[in-house]
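Visitor: Protein chains in written order, with my numbering: chain A, -17 to 494; chain B, 143 to 553. Got a structure for you, questions after.
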Amino acid sequence: MNWQSRLIVATMAMFCISMAGAAELSEEQRALHVLNRLGYGPRPGDVEHVVAIGVDHYIELQLNPEKIRLPNGLLDRLDTLTSQDMSTGDLLAEYIAANKAAKNGDEVAKDKRKETFKLIAEQTAEARLARAINSPAQLEEVMVDFWFNHFNVFEGKGQDRAYISSYERDAIRPYVLGHFRDMLGATAKHPAMLFYLDNWLSVAPGFQAPGGKNANQQVNGLNENYAREVMELHTLGVDGGYTQRDVTELARMLTGWTFDPREMVKGGATFRFAPRRHDNGDKDWLGKHIGPRGQAEGEWALDILAMHPATAHHISYQLAQYFVSDVPPPALVDKLAKRFLDTQGDIREVLRTLFASPEFWNSAQQGSKFKTPYQYVVSSARATGMTVANIRPLLGILRQLGMPLYGCQTPDGYKNTEDAWLNPDALTRRINFATALASGKLPITRNPDDDTGMAVSKEQAVKVAQAEAVDAQLLLITLGTSISSRTRETIGKNPPALQAAMVLGSPDFMRH
Amino acid sequence: MKRRDFIRMAALSGGILIPFGRDAWAASMPDAGPTQRKLIIIMLRGAVDGLSVVAPYGDSEYYRLRPTIAVPRPGQENGALDLDGYFGLNPSLASLQPLWQQGKLAFVHASGSPDITRSHFDAQDYLESGTPGRKGTQDGWMNRLLGQLPGPVTPTRAVSIGPLMPRILSGRIEASNIASGAAGSRPTLLDRPQVGKAFDQLYQGDDKYSKTFQQAQETHKEVMSSMDDEMQAANGGAPLPNGFPDDAGRLAHLMRNDPNVQFAFLALGGWDTHANQGSVKGQLAGHLTPLGTGLASLAQQLGSMFDDTTIVVMSEFGRTVKQNGNNGTDHGHGNVMWVLGGSVNGGKVYADWQGLDVGHLYEGRDVPVTTDFRWVLAQIAERHLRMPDARLQQVFPNLSGRSPNFNLLRA
């Protein structure tokens, strides 16, 4: 190709892109876009439903999940997950008891401990996935995942095994469409976060734990872990203009923010401000001076962080990146940040602005985001419409794809960009998962507890598999225009038994 | 013919080095092939406490500032393994002692990034981009380095073990990732001819997804063919327990059987020890032990290939000299880099070491960075991988200051 024809091609490409940006979306495309971005993609019949009630009305409903009734099937299933209703104190009591028994006990006690931990972890994951797959309040589920990830704690760290479910239930879920400051405060005071980022141990220099020689040697000074991450990750952002001094000063203000495991088990208190542990000196932080005011110092600091312009920008950037584009348009971020500040950090209002923005509706952004493993797995389950009775295969593939549920060790959480997730191994694994899922090879529709362990004959196994195989034609109807005509054509040329796998493993289904 | 096919053919034509274009200088290289000299980078994400890895036991400040977590002096119970009369190795790394004694292991203390950030995530980013302080850099330094070396690019010339493609290998030159554990070398549904054919049709384009898919297929075939029957049988088809020693063993096997593999990258987490880090036992030691064992077995299993290999272990920053209120350490600055390999001038701790007196600490709390990590890597690029000095700026743009006054590698 000579330079002239290159130029022509390039010009045409640019023309096409700008045309695409301006193109009118059909109602079906608009419905697909909100199902994909405000949720985890369509289930069978969803597109028609959204078109019928109107896309704008659907968005408004999603912003008000309290008006959406959960189906009885989902409610019944959540009811069976008994650990999900337990108080934080009761969960801790169980954790302590299991540990104690295992410490002094035999192999049976050790196995029992493992089972106890596994039960809490699996039930928490099951509740999360069941809602993500089945709840009609899809935006709420998206925001639970978004904010949990934003305020990430790692399930595998010690006591956090016990706290994980109540953290999501009590500190995240109630606030996902509320005011940012409320969620910031709830996470700051939840034992899951206090433990994960060590603030529960952070005390004034020179503090002597009661008990003389037997005192807890672990507690005798400042720990700046939480103070740093709350500014870097939860609020201002790493370029938010704070210094090492600001980290240390904030850590001093937050000394005494802790919990008492005994009190928690006995009386249920999940947070305690311990005045004796608090550093009562003056502090200079972010250019401001504050005298000794006990717990009020930390509350004051969180107030300032929650309404700081850098925080508004940081949160807006992350929301725009999640909902619109890996590299969000700066004008949109600015607009959202302004809305954030104007509404005292009202997340619902920021999202309303986002979903009404031309950037969100730009047709060049339709299907432009590469799904995270979580989005890919949940959207696969939804698109097939199958009843997921057994979540273990889903947890397994999430682990293999590098995104174990509740398993992000570091406080920054998982990224949601193509750069982070598109790689050769990931694509191969997604396609293998799609193939296994579509052909009914994953034991996903069978309740693991019903498994008798009895060997079935090969013929029986084939029958079961066939019964559970996904119907490619239904799948294509469900996914509508998000599967391109070119992809449909290629799929149509292949054996029917492979077609559903090809839909779920297609490049078109990798993005949303 | 596609360019890649041409390269493949060139590569297959009997291991003869065919220099083309800008890489003509390499024809003068005495080596048997352009991928003979290997580089393995192991990144400890979360900031390992370098003062517990290579402990300055000769400095009394070390014991004063770390009353409960210091590694005891050599000769004491669970004491450090003496390295040079001043520094000692954490005894949980005893498996590395033979390599030290053979002169194939060196440390560079008080090294790291000149950028002062104490954010894990920014600091890791800089360590991988090779451009501290500059966030806009799109590619990783290992990728740029590969671009400066002669020889054909094959899908497995640079591999990462794990589910993610690390920043350090991202960029213009294609690199692959292989699943951690036995899964990386097991047949998959895509190996069934009909399934493979179907997806080949869906991913035959020139877009990013298609290219990634094609690369995955090529890598998979290469890895499968390099994992011989013996290896498969030994695994019994069952996944081995995950962990670094296993992955290290698998990597050694892959490298021995696939001469195309030149660069490898592995990341290990769990080093952010803000509380109860322990010293010679406990949390940190529990992570160091398998790392040491894995490194030792990697060296051993590479066999004679270890002579042509350099392994670097690095972490985003060090930790505070003074222990914090919870028997842990907070985010610091300078750290220790570990360098292993057949051509390493080992048995030495290299450092422009200032001691732990508060007046010499960075901001009164951290080991200062007196050796820029990029100079350590630059020496490896130039002396081990034989990259001409003139190309250094392509790999580490804006690298200033001076090269350290030691030679980590025998030329």
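Every residue gets a Cβ at the ideal spot worked out from N, C-alpha and C, and that includes glycine. Since the structure is predicted, the reported quantities are computational estimates derived from the model, not experimental observations.
Compare the C-beta of residue 467 of chain B with all C-beta atoms of chain A and state if any pair is closer than 8 Å.
Guide: True, the Cβ-Cβ gap to chain A drops below 8 Å.
Visitor: Starting from residue 265 of chain A, follow its DSSP beta bridges and name the residues at the other end.
Guide: Residue 265 of chain A pairs with A:272.
Visitor: Where do the N-terminal and C-terminal ends of the alpha helix (DSSP H) with residue 136 of chain A fall, by residue?
Guide: Where residue 136 of chain A is concerned, there is no enclosing alpha helix (DSSP H), given that its DSSP letter is neither H nor E.
Visitor: Write down every uninterrupted run of the alpha helix (DSSP H) in the region 256 to 317 of chain B whose length is 4 residues or greater and which is fully enclosed by it, in chain order.
Guide: Listed in chain order, the complete alpha helix (DSSP H) runs (minimum 4 residues) inside the region 256 to 317 of chain B are 262 to 271, 283 to 289.
Visitor: Excluding five sequence neighbours on each side, which residues of the same chain lie with their C-beta closer than 8 Å to the C-beta of residue 27 of chain A?
Guide: Result list for residue 27 of chain A: 460, in chain order.
Visitor: Going straight from the alpha carbon of residue 275 of chain A to that of residue 500 of chain B, what length do you get?
Guide: If you take the alpha carbons of residue 275 of chain A and residue 500 of chain B, they lie about 32 Å apart.
Visitor: Answer with buried or exposed for residue 127 of chain A, where buried requires no fewer than 16 other C-beta atoms within 10 angstroms of its C-beta.
Guide: Its Cβ being crowded by 16 or more others within 10 Å, residue 127 of chain A is buried.
Visitor: Look at the alpha carbon of residue 404 of chain A and the alpha carbon of residue 351 of chain B, and state the distance between them as a whole number of angstroms.
Guide: When rounded, the distance between both Cα atoms is 8 Å.
Visitor: Assuming residue 439 of chain B is part of the alpha helix (DSSP H), what are its boundary residues?
Guide: Segment 425 to 444, the alpha helix (DSSP H) holding residue 439 of chain B.
Visitor: So, are the CB atoms of residue 234 of chain B and residue 431 of chain B less than 8 Å apart?
Guide: Going by C-beta atoms, residue 234 of chain B is nearer than 8 Å to residue 431 of chain B.
Visitor: Please look up how many angstroms separate the CB atoms of residue 265 of chain B and residue 421 of chain B, rounded, as I've assumed it's under 8 Å.
Guide: With 8 Å as the limit, residue 265 of chain B and residue 421 of chain B do not qualify as a contact, their Cβ atoms being about 24 Å apart.
Visitor: What is the C-beta distance between residue 279 of chain A and residue 235 of chain A, in whole angstroms, given that I count them as a contact (C-beta under 8 Å)?
Guide: About 4 Å separates the two Cβ atoms, so the contact holds.
Visitor: Which class does residue 190 of chain A belong to by DSSP, given the choice of helix, strand or coil?
Guide: Residue 190 of chain A falls in the coil class under three-state DSSP.
Visitor: What does a CB cutoff of less than 7 Å around residue 180 of chain A pick up in its chain, not counting 5 residues either side in sequence?
Guide: Answer for residue 180 of chain A: 205, 207, 208, listed in chain order.
Visitor: Just tell me which of A:230, A:242, A:298 has its CA closest to the CA of residue 265 of chain A.
Guide: Closest by alpha carbon: A:230.
Visitor: Work out the CA separation of residue 467 of chain B and residue 62 of chain A for me, nearest whole Å.
Guide: Distance between the alpha carbons of residue 62 of chain A and residue 467 of chain B: 43 Å.
Visitor: Is residue 415 of chain A closer than 8 Å to residue 379 of chain A when the C-beta atoms are compared?
Guide: Yes.
Visitor: Give me the chain B residues within the contact set of residue 180 of chain A, using Cβ-Cβ distance strictly less than 8 Å, ordered along the chain.
Guide: The answer, in chain order, is 416, 417, 468, 470.
Visitor: Is it true that the region 503 to 511 of chain B meets the region 472 to 480 of chain B, where meeting means three or more beta-carbon pairs spaced less than 8 Å apart?
Guide: Because the criterion of three Cβ pairs below 8 Å is met, the region 503 to 511 of chain B and the region 472 to 480 of chain B touch.
Visitor: Step through the CB atoms of chain A and report whether any lies within less than 8 Å of the CB of residue 256 of chain B.
Guide: Judged by the 8 Å Cβ criterion, residue 256 of chain B is not in contact with chain A.
Visitor: Please identify the residue among A:305, A:222, A:86, A:491 whose C-alpha is closest to the C-alpha of residue 286 of chain A.
Guide: The shortest Cα separation from residue 286 of chain A among A:305, A:222, A:86, A:491 belongs to A:222.
Visitor: At a CB distance below 9 Å, what residues from the region 379 to 413 of chain A approach chain B? Give them in sequence order.
Guide: Hits within the stretch, in order: 381, 382, 383, 384, 385, 391, 392, 393, 394, 400, 401, 402, 403, 404, 405, 406, 407, 408, 409, 410, 411, 413.
Visitor: Are at least three pairs of beta-carbons, each pair with one atom in the region 81 to 90 of chain A and one in the region 143 to 160 of chain A, less than 8 Å apart?
Guide: Contact between the region 81 to 90 of chain A and the region 143 to 160 of chain A is absent, because fewer than three Cβ pairs lie under 8 Å.
Visitor: Can you tell me the Cβ-Cβ gap for residue 255 of chain B and residue 274 of chain B, rounded? I've got them flagged as a contact below 8 Å.
Guide: Residue 255 of chain B to residue 274 of chain B, Cβ: 4 Å. Contact.
Visitor: Given a cut-off of 8 Å on the beta-carbon distance, is the pair residue 306 of chain A and residue 347 of chain A in contact?
Guide: Cβ atoms of residue 306 of chain A and residue 347 of chain A: closer than 8 Å.
Visitor: How big is the Cα-Cα spacing for residue 262 of chain A and residue 257 of chain B?
Guide: So the alpha carbons of these two residues sit roughly 33 Å apart.
Visitor: Could you tell me whether the Cβ atoms of residue 159 of chain A and residue 330 of chain A are closer together than 8 Å?
Guide: It is a contact, given that the beta carbons lie within the stated cut-off.
Visitor: In three-state terms, what does DSSP make of residue 345 of chain B?
Guide: Reduced to three states, the DSSP call for residue 345 of chain B is coil.
Visitor: Output the boundary residues of the beta strand (DSSP E) element that contains residue 405 of chain B.
Guide: Note, residue 405 of chain B: beta strand (DSSP E), 405 to 410.
Visitor: Please determine whether the Cβ atom of residue 423 of chain A lies at a distance below 7 Å from any heavy atom of the ligand HEM.
Guide: Annotation note on the ligand HEM: not contained in the displayed structure, which lists no ligands.
Visitor: Are at least three pairs of beta-carbons, each pair with one atom in the region 30 to 43 of chain A and one in the region 357 to 368 of chain A, less than 8 Å apart?
Guide: Flag = no, the region 30 to 43 of chain A and the region 357 to 368 of chain A do not touch.
Visitor: Could you check if residue 540 of chain B is buried or exposed, using at least 16 other CB atoms within 10 Å of its CB as the buried criterion?
Guide: That one is exposed.
Visitor: Run down chain A in chain order and give the residues with a C-beta less than 7 Å from the C-beta of residue 264 of chain B.
Guide: Residues of chain A passing the Cβ test: 220.
Visitor: Ordered along the chain, which non-local residues of its own chain (more than five positions away) have a Cβ less than 7 Å from that of residue 130 of chain A?
Guide: Here the set comprises 150, 154.
Visitor: Using a 10 Å radius around the Cβ and a threshold of 16 neighbouring Cβ atoms, would you call residue 35 of chain A buried or exposed?
Guide: Classification for residue 35 of chain A: exposed.
Visitor: Is it buried or exposed, residue 362 of chain B, if we count other Cβ atoms within 10 angstroms and call 16 or more buried?
Guide: Residue 362 of chain B should be labelled buried.
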